[in-house]
Structure formats: structure tokens, C-alpha cells
Amino acid sequence: MSETHFAIAAVLATAAVTWGLRALPFVALSTLRTGDTVDYLSTRMPAGVMIILVVYSLSDLPLPQPQSLVPLTALATTVGLHLWRGNALLSILGGTTVHVVLSSTVPAF
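So that you can map any letter, position 43 of the sequence shown is 1402 in this note's numbering, and since no number is skipped, the others follow by simple counting.
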């Protein structure tokens, strides 16, 4: 086989494998789209992921020390904004702004 034929065969084989790997999840999961499991997970997963992220982020926070007030204040701001307005973008931006401002201005003890 010449180099040109080998290169064409390699490109075609690579394209076929890439296309197959990208199409396989859609074909394999098409039966799950109508199931109750996916409906249940789609309603429960966002809150579960957020809880896991909050617990992980605050797990090594030294609570008795004053510098832990900055992330806790930002968390309280985020939760408060979300309960008040119900807007995720506003909550995230508000909490991030409070955290950045407090981290930049409040001295570490």
C-alpha cells in the first residue's frame, strides 16, 4: 500500500471511529429518555450538585477563626439573594461580588 492510500485509509478509519464514538451515547441512551429515572434525576440532580459543592467548599473552613466570616458572608448573601429574587444569575454574581470585595478589603487576622 502506498503512503497516499495509507494516509487516506487512516483518515477514513479515524473519522469512522470518531463519528461512532460521538453517536454511540445518543443511540445507547435513546431508550432512557422516556424513562422515569431520567425525569427523577433531572429534577433532583441540580440541587444535589449544589449541596455537594457547598459542602466541599466549606469542608476545610476554620470556623472558630475570623477569616471564615468572608466566605460565610458571601454564602449567606448568595442564599439570601436567591430566596429573595429567585434569580440564579443575580445570586451568583451577588455572592461572588461580596466575596471578592470582602477578600480584598477585610484584613486577615
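Just so it is clear, CB atoms sit at the ideal spot from N, CA and C, and this is done for glycine as well. Quick caveat, the model's predicted, so the values are computed rather than measured.
Is the CB-CB distance between residue 1457 and residue 1433 below 8 Å? Taking the first residue of the sequence shown as position 1, residue 1457 is located at position 98. Taking the first residue of the sequence shown as position 1, residue 1433 is located at position 74. Yes, these two residues count as a Cβ contact at 8 Å.
Using CA atoms only, rank isn't needed, just tell me which of 1463, 1385, 1370, 1448 is closest to residue 1426. Counting from one through the sequence shown, the residue named residue 1426 turns up at place 67. Each of 1463, 1385, 1370, 1448 was checked against the Cα of residue 1426, and the nearest Cα belongs to 1463.
So residue 1440 packs on residue 1449, CB below 8 Å; how close in whole Å? Reading the sequence shown from its first residue, position 81 is the one you call residue 1440. Reading the sequence shown from its first residue, position 90 is the one you call residue 1449. The C-beta distance from residue 1440 to residue 1449 rounds to 6 Å, short enough to meet the 8 Å contact threshold.
Of the listed residues 1423, 1454, 1424, 1429, nearest to residue 1438 (C-alpha basis): As a position in the sequence shown, residue 1438 is number 79, starting the count at 1. Closest by alpha carbon: 1454.
Whole-angstrom distance between residue 1404 and residue 1379, CA atom to CA atom: Start at 1 with the first residue of the sequence shown, and residue 1379 comes out as number 20. Start at 1 with the first residue of the sequence shown, and residue 1404 comes out as number 45. Distance between the alpha carbons of residue 1379 and residue 1404 is about 28 Å.
Rounded to whole angstroms, what is the Cα-Cα separation between residue 1371 and residue 1381? To locate residue 1371, count along the sequence shown from 1; it is residue 12. To locate residue 1381, count along the sequence shown from 1; it is residue 22. If you take the alpha carbons of residue 1371 and residue 1381, they lie about 15 Å apart.
Return the CA-CA distance between residue 1409 and residue 1369, expressed in angstroms with no decimal places. Residue 1409 sits at position 50 when you count from the first residue of the sequence shown. Residue 1369 sits at position 10 when you count from the first residue of the sequence shown. Roughly 44 Å separates the two Cα atoms.
C-alpha distance - residue 1460 paired with residue 1418, whole-angstrom precision: As a position in the sequence shown, residue 1460 is number 101, starting the count at 1. As a position in the sequence shown, residue 1418 is number 59, starting the count at 1. Between residue 1460 and residue 1418, the C-alpha separation is close to 22 Å.
The alpha helix (DSSP H) that contains residue 1444, what's its start and end? In the sequence shown, residue 1444 corresponds to position 85, counting from 1. Its alpha helix (DSSP H) spans residues 1428-1444.
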